[in-house]
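Protein chains in written order, with the working numbering: chain A, 1 to 364; chain B, 1001 to 1364.
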């Protein structure tokens, strides 16, 4: 069986080189005589894997020294609770910008903890744009401002130069699950960044948290120990057994990214891939992008529709037969979505556009 | 590099056949054209992997129909909090038997939630035995009784015929992280069983929870959504992205166990492996087992000492050079520990005993 072009929103395609390396080492990592899956998380060999992954991520994202890097379990969904439990601790208030399902889910967990408020939303138009924001909308006594930086389902993003400004005492918290490492973001603009690995970093089962050190250690001791960032910072992600193999896979992806020239080089490629696809969609007689304002558009997730549900279904079916899989859009948007993460090659995007052209001709 | 005999307490050895199968399928699972790591958790292919893993585990453990089977993240350490948050909800009381570090850690999280009480302990003798228990020790209004069925660090276990009896209204909750699937336990004697996969089931990063259905849905809605069992039961472990690859690996281990004759056949082999090792230790002039009462002894973790720290260190060093790795004991017990989970072959145990004999002769 040949490998397909996989446009899944997450879990999603991994670089073939990375999978081949993991395959090669699966029964025996280096001179250890065992698989990474069989390695004690307290062993020197695993410590090296973890340290290298952290160092490479730090280098790739230019993470300042006053940030801790954690590899946790439970997905972004667990972060939705950990964030308010750890950070909504001064005035018990936090502000949220609602740009999609995940932003909404994050807000809903914060409501359980304290006075969470949606200060801007794009729900009125199925989250197809990034809402206007200025600093006056923020409550001055909010403990933080939370955003979802890239909205996987709806295909919008806060571009690196359009991040909401906050005063120094109100940290910006960003869910970057679906666009971490896709283009350079200034980490120092955030109090915390988090990302489930399964879109742009590795397999499902590990979540990266990058948190400014002064924000750690504020949680009430009554919360579950596993939900306190301090627990994991103090033990360098090894308070309990971490998801070792998933961390190893992320480490291989980081090495691959460095070989490819790092985040800046990846951003160039991602912009070229996205531009080509959006250009085609903007000029197509059949397909329409659902995000109209170019400055709101995600580089990673590109939703589009024909306007005809039956034709959409036909497209999804026939594209799959052509080896272009997982193009079905989310039910709240309908139509199609091409997720073109770092691991999606230009060849994959070209194959998609070629197929769309053919489909357009056949279905005029 | 040859594969070593890996006696690590967890993460620990996996069956070589399982690793080879995973290696073979790593770039392309079946006719999907992608790795399991790249598969959408909403896809039919992954649903089949999940369903089959559940069905095989149900068959292997003879899990009754009124139990839900979950694959969660966060390790047993997260269960330590989920258990009281979900189950200490009627009288806000729960009883714990303290047989080791992990039992103690479970208890400490319950103290955060309500009135948790240690009703029996073996702490006085470094947890080297299973303390006496009778039903009169249990508080009649306890919401549950928690035990750690096998104590990885100390090498003791509650044997299948020595589980604490509880009245019908007080469910027994068992941490079986280090002995699940090692010998038959009657699941119907438990309200809930849980186990981190990384000792006897698969790689780190997934925790199996087997919970009687009537115990689900009792948690206060104010707890984090991710910590409510109902969240995961309602969505069949797919409320958020589950650790797909770790689940797939567990599934391969379940298939392997079925091919080997299931849990009963594995128990025979485990008893033969453990007997051989304990017999040697009981008759050795140099090595002593730390658990003296045979009925308290774990089949999975066998701690032993020489009584001389320098000699212990020499043994750990030389055994490693001989390809017998991770034999160092936990710092609270000292000496050595051989973890001989399902994936450890009789050849591995024989090699260990041969090495011990040689070491004994050389160090008289």
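Each residue gets a CB set at the ideal place from its N, CA and C atoms; glycine is no exception.
{"Check": "Span of the alpha helix (DSSP H), counted from its first residue to its last, around residue 1314 of chain B", "Outcome": "1309-1321"}
{"Check": "Nearest-angstrom beta carbon gap, residue 1007 of chain B and residue 1338 of chain B [assumed within contact, 8 Å]", "Outcome": "5 Å"}
{"Check": "Chain B contacts made by the stretch 36-63 of chain A, where a contact means CB separation under 7 Å", "Outcome": "37, 38, 39, 40, 41"}
{"Check": "Anticipated Cβ contact below 8 Å, residue 1208 of chain B with residue 1229 of chain B, distance rounded", "Outcome": "Not confirmed; about 13 Å, so no contact."}
{"Check": "C-beta neighbour in chain A for residue 1007 of chain B, strict 8 Å", "Outcome": "no"}
{"Check": "Pair within 8 Å by beta-carbon distance, residue 132 of chain A and residue 88 of chain A", "Outcome": "no"}
{"Check": "Assumed close pair residue 130 of chain A, residue 296 of chain A - CB separation to whole angstroms, cut-off 8 Å", "Outcome": "5 Å"}
{"Check": "Between the CA atoms of residue 267 of chain A and residue 321 of chain A - distance to the nearest angstrom", "Outcome": "30 Å"}
{"Check": "Beta-carbon proximity list for residue 1040 of chain B, same chain, < 7 Å, skipping 5 on both sides", "Outcome": "1046"}
{"Check": "Beta-carbon neighbours of residue 148 of chain A, restricted to chain B and to distances below 9 Å", "Outcome": "The premise fails here: residue 148 of chain A is roughly 14 Å from chain B at the closest Cβ pair, so nothing lies under 9 Å."}
{"Check": "Minimum Cβ-Cβ distance from residue 1002 of chain B to chain A less than 8 Å", "Outcome": "yes"}
{"Check": "Status (buried if at least 16 other CB within 10 Å, exposed otherwise) for residue 1299 of chain B", "Outcome": "buried"}
{"Check": "Residue 301 of chain A, enclosing alpha helix (DSSP H) - first and last residue", "Outcome": "Not the alpha helix (DSSP H): residue 301 of chain A falls in the beta strand (DSSP E), residues 301-305."}
{"Check": "Test item: CB-CB of residue 1414 of chain B and residue 1276 of chain B under 8 Å", "Outcome": "Residue 1414 of chain B is absent from the structure shown; chain B starts at 1001 and stops at 1364."}
{"Check": "Within 8 Å, strictly: CB atoms of residue 153 of chain A and residue 333 of chain A", "Outcome": "yes"}
{"Check": "Complete beta strand (DSSP E) runs within the stretch 1158-1220 of chain B (minimum length 3 residues, chain order)", "Outcome": "1172-1175, 1192-1196, 1207-1212"}
{"Check": "Under 7 Å by beta carbon: chain B residues contacting residue 240 of chain A", "Outcome": "1075, 1077"}
{"Check": "Pair within 8 Å by beta-carbon distance, residue 290 of chain A and residue 196 of chain A", "Outcome": "no"}
{"Check": "CB contact below 8 Å: residue 246 of chain A versus chain B", "Outcome": "yes"}
{"Check": "Rounded Cβ spacing between residue 1003 of chain B and residue 27 of chain A (contact assumed at less than 8 Å)", "Outcome": "7 Å"}
{"Check": "Distance between beta carbons of residue 1098 of chain B and residue 1121 of chain B, contact taken as under 8 Å", "Outcome": "4 Å"}
{"Check": "Residue range of the unbroken alpha helix (DSSP H) whose run includes residue 1266 of chain B", "Outcome": "1262-1283"}
{"Check": "C-alpha gap between residue 108 of chain A and residue 79 of chain A, whole angstroms", "Outcome": "12 Å"}
{"Check": "Any chain B beta carbon closer than 8 Å to residue 451 of chain A", "Outcome": "For chain A, the structure presents residues 1 to 364; residue 451 of chain A sits outside this window and is missing."}
{"Check": "beta-carbon residue 182 of chain A near the ligand SAH non-hydrogen atom, thresh 7 Å", "Outcome": "With respect to the ligand SAH, the structure shown offers nothing to examine, as it has no ligands at all."}
{"Check": "Which of helix, strand or coil DSSP assigns to residue 1119 of chain B", "Outcome": "strand"}
{"Check": "Contact set between the stretch 87-112 of chain A and chain B, restricted to residues whose Cβ is under 9 Å from the partner", "Outcome": "105, 108, 109, 112"}
{"Check": "Residue 1156 of chain B - DSSP class collapsed to helix/strand/coil", "Outcome": "strand"}
{"Check": "Contacting positions in the stretch 310-332 of chain A - beta carbon closer than 8 Å to chain B", "Outcome": "323, 325, 326"}
{"Check": "Residue 250 of chain A: contacting residues in chain B (beta-carbon distance under 7 Å)", "Outcome": "Under the 7 Å cutoff, chain B gives no residues; its nearest Cβ is about 11 Å from residue 250 of chain A."}
{"Check": "Endpoints, the beta strand (DSSP E) within which residue 1336 of chain B is located", "Outcome": "1336-1339"}
{"Check": "Neighbour-count burial assignment, residue 1317 of chain B, 16 or more Cβ in a 10 Å radius", "Outcome": "exposed"}
{"Check": "One or two residues paired with residue 6 of chain A in a DSSP bridge", "Outcome": "A:325"}
{"Check": "Integer Cβ distance of residue 1232 of chain B from residue 1060 of chain B, believed to fall under 8 Å", "Outcome": "So it is not a contact: roughly 21 Å between Cβ atoms."}
{"Check": "Cutoff 8 Å: residue 1012 of chain B Cβ touching any chain A Cβ", "Outcome": "yes"}
{"Check": "Simplified DSSP assignment, three categories, for residue 1090 of chain B", "Outcome": "coil"}
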